[in-house]
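Read the structure below first, then the notes.
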Amino acid sequence: MSILVVGSAAFDDIETPFGRAEHVLGGSSIYFSAAASLFSPVRLVAVVGDDMPEHAYDFLAERGVDLGGLQRVPGKTFFWAGRYDYDLNTTETLTTELNVFADFQPELPADYAETPFVFLANIHPGLQRGVLEQARAPRLTMMDSMNLWIQTERDAVEAMMRRVDFVSINETEARMFAGTSSVVAAARHILGLGPRGVLVKKGEYGVVLFTEDDYFAAPAYPLQEVYDPTGAGDSFAGGFMGYIAQAEAVTPLTLKQAVIYGSAVASFTVQAFGVERLRSLTRAEVEQRCREFRRFTYFGEI
Ligand code: AMP
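Take 176 as the starting number for the sequence shown in my numbering and just add one per residue.
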């Protein structure tokens, strides 16, 4: 089944201890679409300026992503510059230039309103709400956010958490949001607001899924070289939701498998700068890595 994603499309400047990339295609909706489209049809709603070459996102169209909701307007594309130190789990934002993103009003084309799966990637929570209001009875919704909105728009972020089925959030943001040092307490706090599940992303330590009566932890794939963690969270969400949208039913087991698929896709993302690795990534490569996850997390019957 189809997934609707609304989020940022960007030019990114990225600096890590292993190199730098300038003015590369990025943005939460782009990483998500690249990942989710390996599994399910994706409809993308975002905005770019007229400085974004159309061939930059050709690879998404080739993978079947519906770009009918991608607005192209006069002006400059959203620009983000970030830096990571040796602790690749911490992102330092150097510059954020909203540009055309400042006036972005996500409008769902008529045929998008009934999309069964909806992912609200990292954008202003007010825009996320607007999208949810245009969506007609989605089967499953999920949101992401970031420290900026948790600090400046806390009430609006909380209101969104009360409305969606799944919340994806990184460990630091979860602690910040809930005002506790315990990730478990933070996840329980968010669950208390109403979502069915909370996915806490812990960078190189993996991902944890909390539901009312269950807990599932997946390690990160053990990589010797992580070149650029940008987009790991969004591509995790894309793999997770892409997998769920092609499953027959959303059972507790499907959710656990989806966590592994999301982790596998994210592990490829971080092996190159920007979206480079996602451009060529195949479903077969993801399947192979999922089998490796199974091998290194299986410890027999006890
Ligand atoms: P992630 O590493 O998965 O958290 O997401 C990285 C992407 O988020 C980058 O490609 C950025 O362009 C994008 N991004 C950074 N800041 C913002 C923001 N304030 N709003 C929307 N997207 C952003």
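By construction, the Cβ of each residue, glycine as well, lies at the ideal position given by its N, Cα and C atoms.
- [ ] Could you tell me whether any non-hydrogen atom of ligand 1 is closer than 7 Å to the CB of Leu295?
- [x] As a first step, residue 295 is located in the sequence shown; it is residue number 120 there, counting from the start. No, ligand 1 has no heavy atom inside 7 Å of this Cβ.
- [ ] Within 10 angstroms of the Cβ of Pro486, are there 16 or more other Cβ atoms? Answer buried if so, exposed if not.
- [x] A question about residue 486 goes unanswered here, because the residues of the chain that appear run from 176 up to 477.
TODO: Using the Cα positions of Glu308 and Pro281, report the straight-line distance between them to the nearest angstrom.
DONE: Translated into the one-based positions of the sequence shown, residue 308 becomes position 133. Translated into the one-based positions of the sequence shown, residue 281 becomes position 106. Approximately 11 Å between the Cα atoms of the pair.
- [ ] Taking only heavy atoms of ligand 1 into account, decide whether any of them is closer than 7 Å to the Cβ of Ala407.
- [x] Taking the first residue of the sequence shown as 1, we reach residue 407 at position 232. Yes, Cβ of Ala407 sits closer than 7 Å to a heavy atom of ligand 1.
Task: Nearest-angstrom Cα separation, counted from Asp226 out to Glu387 - done: Within the sequence shown, residue 387 is the residue found at index 212, counting from 1. Within the sequence shown, residue 226 is the residue found at index 51, counting from 1. Those two C-alpha atoms are separated by around 46 Å.
Open item on the list: If you follow the alpha helix (DSSP H) that Arg338 is in, where does it begin and where does it stop?
Closed with: Along the sequence shown, read from residue 1 onward, the residue named residue 338 stands at position 163. Run containing Arg338: none; DSSP gives neither H nor E here.
Open item on the list: Is any non-hydrogen atom of ligand 1 found closer than 7 Å to the C-beta of Gly201, if you look at the structure I gave you?
Closed with: Here residue 201 is taken as the residue at index 26 of the sequence shown, counted from 1. Checking the Cβ of Gly201 against ligand 1 gives yes.
Open item on the list: If you reduce the DSSP assignment to three classes, tell me which class Ile298 lands in.
Closed with: Here residue 298 refers to the residue found at position 123 of the sequence shown. The answer is coil: DSSP assigns Ile298 none of H, G, I, E or B.
- [ ] Can you give me the Cβ contacts of Gly257 inside the same chain, cut-off strictly under 8 Å, excluding the 5 residues immediately before and after it?
- [x] Here residue 257 refers to the residue found at position 82 of the sequence shown. Cβ neighbours of Gly257 beyond the five flanking positions: Asp187, Asp188, Ile189, Glu190, Thr266, Glu267, Thr268, Leu269, Thr405.
Task: Option nearest Val358 by Cα separation, candidates Val373, Leu283, Ala334 - done: Reading the sequence shown from its first residue, position 183 is the one you call residue 358. For the residues Val373, Leu283, Ala334, the minimum Cα distance to Val358 belongs to Val373.
Task: Check whether Phe443 and Asp403 have beta carbons under 8 Å apart - done: The residue you call residue 443 lines up with position 268 of the sequence shown. The residue you call residue 403 lines up with position 228 of the sequence shown. No, they are not a contact pair.
- [ ] Output the distance between the C-alpha atoms of Ile419 and Gln303, rounded to the nearest integer angstrom.
- [x] Numbered from 1 along the sequence shown, position 244 holds the residue referred to as residue 419. Numbered from 1 along the sequence shown, position 128 holds the residue referred to as residue 303. Going from the Cα of Ile419 to the Cα of Gln303 covers about 21 Å.
Task: Neighbourhood of Asn274 by C-beta, 7 Å cutoff - its chain only, sequence neighbours within 5 removed - done: Mapped onto the sequence shown, residue 274 falls at position 99. Cβ within range, chain order: Gly224, Gly250, Lys251, Thr252, Phe253, Phe254.
Task: Whole-angstrom distance between Ile325 and Phe352, CA atom to CA atom - done: If you number the sequence shown from 1, residue 352 lands on position 177. If you number the sequence shown from 1, residue 325 lands on position 150. Going by the C-alpha atoms only, they are around 6 Å apart.
Open item on the list: In whole angstroms, give me the CA-to-CA distance for Ala277 and Ala185.
Closed with: Start at 1 with the first residue of the sequence shown, and residue 277 comes out as number 102. Start at 1 with the first residue of the sequence shown, and residue 185 comes out as number 10. Cα to Cα, Ala277 sits roughly 12 Å from Ala185.
TODO: Figure out for me which residue from Arg452, Gln421, Val383, Val220 has the closest Cα to the Cα of Phe234.
DONE: In the sequence shown, residue 234 corresponds to position 59, counting from 1. Among Arg452, Gln421, Val383, Val220, the Cα nearest to that of Phe234 is on Arg452.
Task: DSSP state of Arg458 mapped onto helix, strand, coil - done: One-based indexing of the sequence shown puts residue 458 at position 283. Correct three-state label for Arg458: helix.
- [ ] Enumerate, from N- to C-terminal direction, the unbroken beta strand (DSSP E) stretches of 3 or more residues contained entirely within the segment 357 to 415.
- [x] 372 to 376, 382 to 386, 389 to 393
Task: Residues near Arg239 in its chain [Cβ-Cβ closer than 7 Å; skip 5 each side] - done: Along the sequence shown, one-based indexing puts residue 239 at 64. First, the amino acid is wrong: residue 239 is Gly here, not Arg. Closer than 7 Å at Cβ, skipping near neighbours: Ser212, Pro216.
Open item on the list: With H, G and I counted as helix, E and B as strand and the rest as coil, what does DSSP make of Ser208?
Closed with: Taking the first residue of the sequence shown as 1, we reach residue 208 at position 33. Helix, per DSSP.
TODO: Might you give, ordered along the chain, the residues of its own chain that have their beta carbon closer than 6 Å to the beta carbon of Leu263, omitting 5 neighbours on each side?
DONE: Start at 1 with the first residue of the sequence shown, and residue 263 comes out as number 88. Result list for Leu263: Val401, Pro404, in chain order.
Open item on the list: Tell me the DSSP secondary structure of Asn274 in three-state form.
Closed with: Taking the first residue of the sequence shown as position 1, residue 274 is located at position 99. The answer is helix: DSSP assigns Asn274 an H, G or I state.
Open item on the list: DSSP has Gly257 in a bridge; who is on the other side?
Closed with: Residue mapping note: residue 257 aligns to position 82 of the sequence shown, counting from 1. Listed as beta-bridge partners of Gly257 by DSSP are Ile189, Thr268.
Task: Contact test: Ala211 Cβ vs ligand 1 heavy atom, cutoff 7 Å - done: Counting from one through the sequence shown, the residue named residue 211 turns up at place 36. Checking every heavy atom of ligand 1 against the Cβ of Ala211, none is found closer than 7 Å.
Open item on the list: Shorter than 7 Å, the distance from the beta carbon of Asp187 to the closest heavy atom of ligand 1, or not?
Closed with: If you number the sequence shown from 1, residue 187 lands on position 12. At a threshold of 7 Å, Asp187 counts as near ligand 1, since its beta carbon sits closer than that to one of the ligand's heavy atoms.
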